[in-house]
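Q: Take this structure first; my questions come after.
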Ligand code: F6P
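Residue numbers (our numbering): 3 to 562.
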């Protein structure tokens with residue numbers, strides 16, 4: 003690392019020390035009977051056990067010193083005060099205001115939030131109590147949320163997670179992909195009279211969402227939906243009122259979004275209306291309250307007892323000092339199966355940055371690859387690489403202590419047993435001696451032991467955190483999600499990058515335009531052509547060839 007500070011040098015030395023044979027996780031536990039309790043911390047609605055991480059008091063205190071030197075506390079205060087933390091777009095990040103923390107720099111948002119939340123509550127209650135009916139006077143029974151990125155992932159994940167809080171009269175569907183296979187299969191099971199479409203797009207200009215919204219509108223009209231009562235069936239959530247209105251949505255049916263809520267934090271805003279429709283307004287309020295409790299913990303708890311701060315520092319520790327390129331998130335909870343996808347956007351869109359806030363190249367790696375799936379499924383798939391692969395992958399387990407229902411108690415104990423067994427197996431592994439003794443006891447011959455022992459050895463000493471929630475409730479889910487947001491912010495503060503912009507995403511959008519234009523105009527000359535500049539800037543020989551091959555194949559299959 004160029005120009006490393008004394009603290010950074012010390013962290014490198016601690017990393018070397020902690021890789022020695024007498025500092026394995028097992029060794030650290032054997033020397034310190036209090037380790038599990040000492041490295042376990044409480045936050046609202048969750049307990050975080052960091053004791054299976056490659057840290058001890060001295061390395062943790064140097065990580066905390068790093069936080070001090072990078073002015074983490076000040077960065078957190080600036081965030082909560084409503085400073086322009088998103089400097090490239092000259093915006094504050096005020097999603098915490100939606101959960102009740104009104105920033106001193108922007109007190110005016112309180113009124114806007116109150117008004118919008120009242121509008122949301124009235125609408126949700128009207129749909130639920132039958133005051134809002136479909137065109138034939140029947141109840142709305144199906145909601146289709148059309149959006150992508152933060153306008154889809156968060157609401158879809160929360161709705162799946164709160165499956166025990168669902169309103170039985172409503173089924174919620176989420177459509178995001180521009181591939182019409184998705185929306186078509188959703189629409190195939192619906193009737194217009196009982197369906198409500200929510201078009202969620204902060205910009206109301208995102209290709210996927212506008213394409214799907216148009217397809218939904220065409221389907222609605224083609225299946226007996228009349229023009230007049232369209233207002234009973236289409237609502238929008240956007241900052242772009244004119245675009246929503248020109249699409250055909252009545253102004254009264256547009257819920258506001260604001261540029262001070264980043265796309266990946268949308269679920270807390272009116273973009274989360276599908277959550278409230280699928281469950282209840284109170285459930286949404288409880289979700290916000292859970293997040294608010296974690297916000298206060300993040301803002302006020304001293305850094306050394308601050309759960310998202312410690313978690314964020316550990317992410318920096320592994321990324322920069324242990325060269326870990328990825329981090330696995332493994333919720334042992336089927337309702338949380340969409341959490342890794344939501345966190346991919348939250349974490350990777352925020353931390354995938356190569357320059358600091360000042361536009362200077364970063365000196366260290368930033369952002370890890372976030373991946374995972376609901377346990378126990380991964381155990382029968384990629385966990386093999388976690389246990390015996392050659393790459394270090396810090397893992398975060400999420401366990402829920404109580405089952406949702408009493409009749410699930412027994413399988414739930416198996417779920418917990420597997421979760422705890424995995425973190426334990428990652429830590430303890432199985433040595434050559436243990437493998438040989440086990441094989442011998444099972445009656446294996448010396449020759450067989452010699453042939454197989456090396457394959458059965460599991461190195462262990464692989465780090466993990468376990469987050470334990472009491473129950474999966476709207477409050478605990480809100481707190482868990484706010485924990486991840488804060489953990490991401492901590493990393494951005496240490497790396498001094500802007501966690502709230504996403505310029506890289508724009509390039510793909512920009513480059514798809516001239517290609518779409520080429521693919522479309524051959525059939526429909528009325529399609530607006532890309533500018534000459536766009537075409538010459540983007541069409542390299544490989545892309546050119548792919549386009550020609552597709553068009554030729556479409557011709558020979560008569561699909562054009
Ligand atoms: O893909 C980038 C992005 O801007 C995300 O940050 C955002 O959540 C998503 O697109 C959707 O944008 P919109 O809500 O404006 O349609």
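The beta carbon of each residue, even a glycine, is placed where N, CA and C say it ideally should be.
1. In or out: residue 177 buried (at least 16 other Cβ within 10 Å) or exposed?
2. Restricting to runs no shorter than 4 residues, where is the alpha helix (DSSP H) found entirely within the region 390-440?
3. Ordered along the chain, which non-local residues of its own chain (more than five positions away) have a Cβ less than 7 Å from that of residue 272?
4. Going by other Cβ atoms of all chains shown within 10 Å of its Cβ, with 16 needed for buried, is residue 478 buried or exposed?
5. At 3 residues or longer, what runs of the beta strand (DSSP E) sit wholly inside the region 267-346?
6. Tell me which same chain residues have a C-beta within less than 6 Å of the C-beta of residue 537, skipping the five on either side of it?
7. Regarding residue 177 and ligand 2, is the C-beta to nearest heavy atom distance less than 7 Å?
8. Can you name, in chain order, every residue of its own chain whose Cβ lies under 6 Å from the Cβ of residue 21, other than the five neighbours on each side?
9. Quick one: residues in its chain with C-beta nearer than 7 Å to the C-beta of residue 367, no 5 flanking neighbours on either side, listed in chain order?
10. Is the beta carbon of residue 303 less than 8 Å from the beta carbon of residue 317?
11. Taking 8 Å as the limit between beta carbons, can you name the residues of its chain near residue 514, skipping five residues before and five after?
12. Would you kindly work out how many angstroms separate the C-alpha atoms of residue 324 and residue 463, rounded to a whole number?
13. Okay, do the region 210-228 and the region 280-299 touch, 3+ Cβ pairs below 8 Å being the bar?
14. In chain order, what are the residue ranges of uninterrupted beta strand (DSSP E) at least 3 long that sit wholly in the region 194-245?
15. Confirm the yes/no value for this check: CB of residue 369, any heavy atom of ligand 1, distance under 7 Å.
16. Along the chain, where does the beta strand (DSSP E) that runs through residue 373 open and close?
17. Which word fits residue 481, buried or exposed, when buried means at least 16 other C-beta atoms lie within 10 angstroms of its C-beta?
18. Does the region 328-347 touch the region 143-162, meaning 3 or more C-beta pairs lie closer than 8 Å?
19. Looking at the strands, I want to know which residues DSSP matches up with residue 51.
20. Would you mind sorting residue 476 into buried or exposed? The rule is 16 or more other CB atoms within 10 Å of its CB.
21. Measuring straight from C-alpha to C-alpha, what distance separates residue 32 and residue 384?
22. Heavy atom of ligand 1 less than 7 Å from the Cβ of residue 152, yes or no?
23. Below 8 Å between beta carbons: does that hold for residue 352 and residue 473?
24. Using only alpha-carbon positions, find the residue among 102, 101, 80 and 103 that is nearest to residue 93.
A: Taking the definition as stated:
1. buried
2. 411-430
3. 118, 122, 239, 257, 258 and 259
4. buried
5. 328-334
6. For residue 537, the predicted structure reports a pLDDT of 48, less than 50, and the residue's modelled location is therefore unreliable. The matter cannot be settled from this model.
7. No copy of ligand 2 appears in this structure; the ligands present are ligand 1.
8. none
9. 321 and 322
10. no
11. 209
12. 13 Å
13. no
14. 197-202 and 236-240
15. no
16. 371-373
17. buried
18. yes
19. 42 and 468
20. buried
21. 30 Å
22. yes
23. no
24. 80
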